[in-house]
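Participant: Below are the C-alpha cells for one structure; questions will follow.
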Amino acid sequence: MSQAQRGQNKSGYLSEDTIAAITAPPGGAVSIIRVSGPLALTVLEKLSGQDIRSKQTPRKLFKSIIRDGDGTALDDALIAYFVAPASFTGEDCVEFNLHGSPLIATRVLEALQSHGVRQALAGEFSFRAVRNGKINLTQAQATADLIGASNDGAIALALEKMSGTQANLISSLADELRKLAVLGEIGIDFADQDVDEVSLPNLKLRVNGILKKLLHLKQSYSRGTMIQEGIKVAFVGLPNAGKSSFFNALLGEDRSIVSDIAGTTRDVVREKLTLQGYTSSVTLRLEDTAGLRNLRARAASESETSPGSVDNRPSYGSDHDTIEMIGIERTLKAAREADLILLLVDAQANQDAVTSLTEEWRRLGEPRDRTLGVITKMDLGMSEVLRDPATLAAFGLQMWQQTSAVCSDGISEAASAIADFCEKWVRREKGEVLLTRLDHLRSVEDAMDHLERGEQALEIDLFASDVRQALFALDPLIGETVPDDILGRIFSEFCIGK
Numbered sequence: 000m001s002q003a004q005r006g007q008n009k010s011g012y013l014s015e016d017t018i019a020a021i022t023a024p025p026g027g028a029v030s031i032i033r034v035s036g037p038l039a040l041t042v043l044e045k046l047s048g049q050d051i052r053s054k055q056t057p058r059k060l061f062k063s064i065i066r067d068g069d070g071t072a073l074d075d076a077l078i079a080y081f082v083a084p085a086s087f088t089g090e091d092c093v094e095f096n097l098h099g100s101p102l103i104a105t106r107v108l109e110a111l112q113s114h115g116v117r118q119a120l121a122g123e124f125s126f127r128a129v130r131n132g133k134i135n136l137t138q139a140q141a142t143a144d145l146i147g148a149s150n151d152g153a154i155a156l157a158l159e160k161m162s163g164t165q166a167n168l169i170s171s172l173a174d175e176l177r178k179l180a181v182l183g184e185i186g187i188d189f190a191d192q193d194v195d196e197v198s199l200p201n202l203k204l205r206v207n208g209i210l211k212k213l214l215h216l217k218q219s220y221s222r223g224t225m226i227q228e229g230i231k232v233a234f235v236g237l238p239n240a241g242k243s244s245f246f247n248a249l250l251g252e253d254r255s256i257v258s259d260i261a262g263t264t265r266d267v268v269r270e271k272l273t274l275q276g277y278t279s280s281v282t283l284r285l286e287d288t289a290g291l292r293n294l295r296a297r298a299a300s301e302s303e304t305s306p307g308s309v310d311n312r313p314s315y316g317s318d319h320d321t322i323e324m325i326g327i328e329r330t331l332k333a334a335r336e337a338d339l340i341l342l343l344v345d346a347q348a349n350q351d352a353v354t355s356l357t358e359e360w361r362r363l364g365e366p367r368d369r370t371l372g373v374i375t376k377m378d379l380g381m382s383e384v385l386r387d388p389a390t391l392a393a394f395g396l397q398m399w400q401q402t403s404a405v406c407s408d409g410i411s412e413a414a415s416a417i418a419d420f421c422e423k424w425v426r427r428e429k430g431e432v433l434l435t436r437l438d439h440l441r442s443v444e445d446a447m448d449h450l451e452r453g454e455q456a457l458e459i460d461l462f463a464s465d466v467r468q469a470l471f472a473l474d475p476l477i478g479e480t481v482p483d484d485i486l487g488r489i490f491s492e493f494c495i496g497k
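Residue numbers (numbering that gives the first Met the number 0): 0 to 497.
Following this line, the structure appears as C-alpha cells:
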C-alpha cells in the first residue's frame with residue numbers, strides 16, 4: 000500500500016466523520032444522497048428546519064423542503080432517517096430522495112458539506128457496515144458484484160453470497176480446522192502416549208478431506224470468473240477475413256475500424272456483450288484481433304522476386320511489418336488465453352488462403368474443443384474450394400455458421416450458437432459455491448499450501464502450527480478478522496455511494 004493510501008486510510012476509512020455521497024447514477028428521474036455518521040440527524044434537522052426526532056418516525060418516508068444555509072430552497076424531497084444500529088452502516092443514516100437534476104444533487108451535497116459532512120470515499124458505506132458488524136466482508140463484496148452483474152448467473156451468484164452461502168461453507172471448513180488444531184495441540188501434550196484420536200497419522204487423514212474440499216473451491220474459480228466477468232472470446236482469421244465487420248455486427252455498433260485494406264486492425268479491440276442462451280444469459284468478453292499471416296515467409300518470398308532495398312534486405316523489418324507483427328503476436332496470445340475462439344474465413348477464400356489459415360490453425364495447436372467456425376461475406380458468394388465439404392471438415396469443428404455482416408444474414412443465428420456453446424461453462428448446480436474473486440482464490444491456495452505442509456510434518460507441533468496458519472489464511476473469505484488496512488484496500492475498489 001502506498002504512503003498516500005495509508006494516509007487516506009487513516010483520515011478516511013478509519014475516521015468517525017459523517018459522510019455523504021450520491022448513490023444513484025445520473026440521468027434518472029430520482030437522485031438519492033446517502034448520509035451516515037454522528038452528525039447525520041443534526042444535519043437533517045438543519046436542512047429541513049424540523050425537529051426530526053420528535054416529529055418524524057424512523058424508517059418512514061416524509062416530505063420536506065430542503066434549504067441551504069442562506070435559507071434558499073434546494074428541493075422538495077422525500078426523506079427517510081435511520082437510527083443506529085438499525086441501518087445499513089450501523090450508524091445514524093439519512094437518505095434524501097431528490098428530483099433527478101444533477102444540479103440539485105450537487106447543491107444538496109454542498110449544503111451538507113457546509114455543515115461538516117464530507118464526501119464519502121469509494122465503498123466507505125460498505126466498509127462501515129463491515130466494521131460495525133452489519134455484514135461480513137464476503138457479503139459486502141457480493142453487494143459490489145451484484146451492482147456490476149451483467150447476466151443471470153452473476154446475479155444468482157451474488158445473491159447467494161449475500162445470503163451467506165459462501166461464508167457458511169468456508170465457516171464450516173474453518174470449524175473443522177479449529178477442531179483439528181485443538182486436537183493437534185492436545186496431541187502435543189500426549190505425544191509420548193499412544194492416543195489414536197490425536198495421533199499424527201490420524202490427524203493427517205482428516206486434513207486430506209479438507210484439502211479435497213478446498214481443491215474443489217480452487218477449481219471452481221475458472222467457471223466463477225466466466226460467470227462473473229464473462230467468457231473470453233477471440234476473433235481469429237487471416238487479414239481481411241471480415242473479423243471486424245462480424246465483431247461490429249454482433250455488438251450492433253461500429254466499434255472496430257472496417258476497411259478493404261488487409262491488416263487494418265493492429266491491436267486487440269475489446270468489448271463486452273451479453274447474449275441470451277438456451278436457458279440463461281451469458282456475458283462474453285469479445286476480442287477483435289489482427290489478422291494472422293506469416294510475415295517472415297512473405298518477406299522471404301518477396302526477397303526472391305524483387306531486388307528490395309539497396310543492400311538487398313527483404314521488406315520484413317519495415318516499420319509497417321514490425322507493427323503488424325506486434326499485432327499478430329497479440330492475436331496469438333489472445334487466442335491462447337481465450338475460452339472460445341471464433342475462427343473466421345472469407346467465403347471467397349481461395350486455396351492459398353485456406354492453406355495459410357490451416358497453417359495458422361496448426362500454430363495455435365488446433366484447439367477444436369473451444370473453437371467455432373464462422374464463414375463471412377456470404378453475400379459475395381462462396382468460393383469453389385469452400386464448397387468442397389472436405390475443406391472445412393478438415394478443421395474438425397462442430398459448427399461453421401454462414402454470415403453476412405452487410406446483409407445482417409446469419410448474425411442472430413451465430414449469436415445464439417455462440418451463447419448455447421458457452422452455456423456449458425456457466426451452468427452450475429443450485430447452491431453450488433464458485434469463487435469469483437482473485438483474492439478469494441489466493442486465500443484458498445494459501446490455506447492449501449499450509450495444509451499440504453502439515454501433511455508432510457514429522458512433528459505434531461509443526462502440524463498444529465500449519466493448521467493454524469491455514470485457518471488464518473481463510474479469514475478474508477469469512478471477513479471476521481481482516482486487518483483494517485486490507486479492508487481499506489478492498490473497499491477502495493467499490494463504487495462511490497456504496
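Built from N, CA and C at the ideal position, the CB exists for glycine as well.
#1: Kindly indicate which residue of Leu179, Leu213, Lys212 has the alpha-carbon position closest to the one of Asn201.
#2: What's the call for Thr105, buried or exposed, on a 16-neighbour Cβ count within 10 Å?
#3: At the level of alpha carbons, what is the spacing between Pro24 and Asn135?
#4: Measuring straight from C-alpha to C-alpha, what distance separates Thr137 and Lys160?
#5: My output table needs one value for Leu339: the three-state DSSP class, helix, strand or coil.
#6: May I ask which residues mark the beginning and end of the beta strand (DSSP E) holding Gln400?
#7: Which residue wins for smallest C-alpha separation from Glu451, given the options Arg58, Ile209, Thr142, Glu44?
#8: Count the other CB atoms within 10 Å of the CB of Ser403; is the residue buried (16 or more) or exposed (fewer)?
#9: Per DSSP, what are the beta-bridge partners of Tyr80 in this structure?
#10: So, Ile226 versus Leu156, is the Cβ gap smaller than 8 Å?
#11: Which two residues bound the contiguous beta strand (DSSP E) that contains Ile374?
#12: Consult DSSP for His439 and reduce its assignment to one of helix, strand or coil.
#13: Answer with buried or exposed for Tyr277, where buried requires no fewer than 16 other C-beta atoms within 10 angstroms of its C-beta.
#14: From the DSSP output, in three-state form, read off His98 for me.
#15: Just mark Val181 as buried or exposed, buried being the case when its beta carbon has 16 or more other beta carbons within 10 Å.
#16: Ends of the beta strand (DSSP E) at Gln275?
#17: In three-state DSSP terms, what is Glu451?
#18: Taking just the CA atoms, how far does Asp338 sit from Ala298?
#19: Would Thr390 and Val353 be called neighbours here (beta carbons separated by less than 8 Å)?
#20: Give me the residue from Leu145, Arg467, Glu454, Met447 with the minimum Cα distance to Phe212.
#21: Counting only C-beta atoms, is Gln455 closer than 8 Å to chain B at any point?
#22: Please identify the residue among Ser279, Val344, Gly183 whose C-alpha is closest to the C-alpha of Lys458.
#23: Give the secondary structure of Ser14 by DSSP, where H, G and I count as helix, E and B as strand, and everything else as coil.
#24: Shorter than 7 Å, the distance from the beta carbon of Thr370 to the closest heavy atom of the ligand FAD, or not?
#25: Buried or exposed: which applies to Lys505, given that a residue is buried once 16 or more other Cβ atoms fall within 10 Å of its Cβ?
#26: Does Lys203 come out as helix, strand or coil in the three-state DSSP assignment?
#27: Taking just the CA atoms, how far does Asn167 sit from Phe462?
#28: Going by DSSP, what residue range makes up the alpha helix (DSSP H) through Phe420?
#29: Once you ignore the five residues that flank Pro306 on each side, which residues in its own chain have a CB closer than 6 Å to its CB?
#30: Determine, using beta carbons only, whether Val344 and Gly236 come nearer to each other than 8 Å.
#31: Please go through the same chain and pick out, in chain order, the residues whose beta-carbon is closer than 8 Å to the beta-carbon of Asp151, but skip the five residues on each side of it.
#32: DSSP has Val235 in a bridge; who is on the other side?
#33: From the DSSP output, read off the bridge partner residues of Lys62.
#34: Identify every residue that forms a DSSP beta bridge with Ala72.
#35: Using DSSP's beta-bridge definition, name the partner residues of Leu285.
#36: Grab me the residues of Met398's own chain with a C-beta within less than 8 Å of its C-beta, minus the 5 sequence neighbours each way, in chain order.
Facilitator: Answer, in terms of the structure:
#1: Leu179
#2: exposed
#3: 26 Å
#4: 7 Å
#5: strand
#6: 399–401
#7: Ile209
#8: buried
#9: Val93
#10: yes
#11: 370–375
#12: helix
#13: exposed
#14: strand
#15: exposed
#16: 268–275
#17: helix
#18: Here the model assigns Ala298 a pLDDT of 42, short of 50, so the residue's position is not dependable and the matter cannot be decided.
#19: yes
#20: In the sequence under discussion, the amino acid at residue 212 is Lys, which differs from the Phe named in the question. Per the Cα distances, Met447.
#21: No chain B appears in the structure shown, which is made up of a single protein chain.
#22: The sequence given here places Glu at residue 458; Lys does not occur at that position. Selected option, being the one with the closest Cα: Gly183.
#23: coil
#24: The model depicted lacks the ligand FAD and carries no ligand whatsoever.
#25: Outside the shown range of the chain, which is 0 to 497, sits residue 505, and nothing can be said about it.
#26: helix
#27: 25 Å
#28: 410–425
#29: Any answer about Pro306 is weak, because its pLDDT of 46 lies below 50 and its placement is not dependable; what the coordinates show is given next. Once the five neighbours on either side are set aside, Pro306 has no close Cβ partner at all.
#30: yes
#31: Ser279, Ser280
#32: Leu342
#33: Leu77
#34: Arg66
#35: Val232, Glu270
#36: Leu371, Gly372, Ala416, Phe420
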